[in-house]
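Numbering (the numbering used here), first residue to last: 110 to 692.
Just so you know, even glycine gets a beta-carbon here, dropped at the ideal spot from N, CA and C.
Here's the structure, in structure tokens; my notes come after.
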Ligand code: SER
């Protein structure tokens, strides 16, 4: 059975059992600042699991686009995926354990035709928060699952919660026996040897975890999730998702194109390309923070591995066509937005190639030095310097090092990055404290003008313009920003006019302390989110600008005088520099 057939069977089955089919929510969570991406089918439904009325009723089913980013570095093995699709059905205070188990059993054995003896199930073993779930085990027995195919595990395995807090409960998981030899006398579903693979998880969500305590929800819910890629390859008798029709066209094409084939790199390219397209089609654009940074990392890692396979990067265009063609029946939005997807991915690839070319030269110098000293490890300071000076990501340094028989101590590198962030945080705190005392009133005016210029450029050029740096003296301001072209006279004039308009409007400059995540959620602009402490200061100017910033600023834009751009020039690749004065 193909993936799309399994999806359709699933939705039809639950529709026949009284469920309303609802559309997949976006990968970008709408009302949940605690996560970057939708990671499970239940996420968009949290308000309803907590008791709000869903307009479609109490029985729902859908396929949900999901992205999990914890394991990006693991992708390339035979099982990890960042993007996947989760099939799910929900009872919002409607049916509970008995019916849920009966439907799951029927679907697995009658619709997917899985023989009963290939199914094992697990139930919650019980602890001080919640009793042992013998009720669930009994329902499985009633359905015909033999006693010796039922296992009990504790919270680590049979309890489900998204993150730290929220609706949760004991779950029962269904495992598929691949028929492989057991790894030993104690081989059971909880072991990792690959004989048993989890295919479905029904959560009996009747608790709420808050401040470390469990209380009962106002209603008893069921939340189930089945990973589509996984069930597909298992039913097809394949070893990995890459062996199914979702990936074989691109995997084969990559093999044709590769002059230096290796299966890991092909999987990374195939997986990251699909994930990047799905993220891009939901409106995310590459950047240095949050979702944009994940997209950037995926595209960059994919590009690295295309290089490793020695595939000409010009082929990427055609690979996108091919992949969209493969996936268009499942995700028509890909075909509808093909041009945008291409533009996002190909532009980022080009940017990365520029960084790579600059960085690789430096990397080679570092490597020569290390080899000439007969060492086999790149010291962490050099890894850091490659990043700081050449924008060369540590993952790439590590990859290159490995290819050249050298090591990198990533733990130490991560430590170093953390320390540096600490330092720059202290630095900016200090700067803030020194604040008003250390800055002349002219500098403070320029500082506010910087925010206005930033906002104006976003309107005049495009919303993806981001600040890359600034430097302020008593005499002038200098502002660096991402932009791929020399500004036209018209663009400069428009930016100038906007800033002056806002100055003449006398907009109030407001300063608030906020939690970092709330600040981001509220749309506040920032340069590199990692550098900021958990509590940040946000400056809002009328409704034209909102930025995380240490300050200080003027109280009202009317204090600024007349703004004039005196120079516009290139700063570095993809970055322009404006010098401006207040008269
Ligand atoms: N929320 C559970 C999971 O993600 C079941 O849908 O596995």
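From the options, residue whose alpha carbon lies closest to that of residue i
i, options, result
"residue 626", "130, 607, 647 and 619", "647"
"residue 652", "160, 612, 254 and 150", "612"
"residue 519", "182, 151, 163 and 110", "182"
"residue 687", "600, 387 and 650", "600"
"residue 517", "294, 249, 498 and 506", "506"
"residue 136", "175, 111 and 114", "175"
"residue 188", "298, 307 and 467", "307"
"residue 343", "618, 199 and 288", "288"
"residue 669", "403, 318 and 562", "562"
"residue 116", "341, 583, 481 and 328", "341"
"residue 457", "587, 273, 407 and 226", "407"
"residue 674", "320, 584 and 213", "584"
"residue 212", "242, 446 and 168", "168"
"residue 523", "509, 512 and 503", "503"
"residue 220", "476, 296, 478 and 125", "125"
"residue 247", "265, 207 and 262", "207"
"residue 582", "123, 556 and 194", "556"
"residue 269", "241, 260, 261 and 313", "313"
"residue 369", "329, 574 and 419", "419"
"residue 274", "257, 155 and 295", "155"
"residue 120", "498, 525, 333 and 662", "333"
"residue 447", "389, 395, 214 and 510", "389"
"residue 594", "578, 570 and 603", "570"
Contacting residues, own chain, Cβ-Cβ under 8 Å from residue i (five flanking each side not counted)
i, result
"residue 139", "153"
"residue 300", "292"
"residue 316", "238, 239, 276, 277, 278, 323, 324, 325 and 326"
"residue 644", "622, 623, 624 and 625"
"residue 129", "165, 166, 168, 169 and 170"
"residue 337", "112, 115, 116, 172, 193, 194, 195 and 196"
Residues near residue i by beta carbon distance below 7 Å, same chain, minus five either side
i, result
"residue 672", "558, 605, 608, 609, 612, 689 and 691"
"residue 177", "148 and 191"
"residue 564", "653 and 654"
"residue 352", "342"
"residue 214", "252"
Neighbourhood of residue i by C-beta distance below 6 Å, restricted to the same chain and skipping five residues each side
i, result
"residue 414", "374, 377 and 378"
"residue 461", "409 and 412"
"residue 486", "516"
Alpha helix (DSSP H) segment containing residue i, residue limits
i, result
"residue 694", "There is no way to answer for residue 694, as the model of the chain reaches only from 110 to 692."
"residue 388", "372-390"
"residue 503", "503-512"
"residue 693", "Not covered by the structure: residue 693. The range shown for the chain is 110 to 692."
"residue 609", "598-613"
"residue 393", "From DSSP, residue 393 is part of no alpha helix (DSSP H); its letter is neither H nor E."
"residue 227", "That residue, residue 227, is in no alpha helix (DSSP H); it is neither H nor E in DSSP."
"residue 450", "447-481"
"residue 361", "357-366"
"residue 259", "Residue 259 -> not in any alpha helix (DSSP H); beta strand (DSSP E) instead, spanning 259-262."
"residue 159", "Here residue 159 belongs to no alpha helix (DSSP H), and DSSP marks it neither H nor E."
"residue 215", "206-215"
"residue 399", "399-417"
"residue 353", "Neither: residue 353 is in no alpha helix (DSSP H) and is coded neither H nor E."
Cβ-based burial, residue i [other Cβ within 10 Å; buried from 16]
i, result
"residue 677", "buried"
"residue 382", "buried"
"residue 253", "exposed"
"residue 184", "buried"
"residue 615", "exposed"
"residue 481", "exposed"
"residue 194", "buried"
"residue 392", "exposed"
"residue 361", "exposed"
"residue 546", "Only weak support is given to the placement of residue 546: the predicted model assigns it a pLDDT of 33, under 50, and the value that follows is read from those uncertain coordinates. With fewer than 16 other Cβ atoms within 10 Å, it is exposed."
"residue 441", "exposed"
"residue 466", "exposed"
Cβ-Cβ separation, residue j to residue i (assumed contact under 8 Å), whole Å
i, j, result
"residue 283", "residue 363", "That pair is no contact at about 34 Å."
"residue 656", "residue 634", "4 Å"
"residue 65", "residue 435", "For residue 65 there is no data in the structure shown, the boundaries of the chain being 110 and 692."
"residue 197", "residue 272", "That belief does not hold up - the Cβ atoms of residue 197 and residue 272 are roughly 18 Å apart, past 8 Å."
"residue 157", "residue 201", "5 Å"
"residue 210", "residue 249", "6 Å"
"residue 286", "residue 264", "The Cβ separation is near 25 Å, so there is no contact."
"residue 242", "residue 233", "4 Å"
"residue 260", "residue 231", "5 Å"
Residue i: first and last residue of the uninterrupted beta strand (DSSP E) it sits in
i, result
"residue 674", "672-681"
"residue 689", "684-691"
"residue 282", "275-286"
"residue 648", "644-650"
"residue 306", "305-319"
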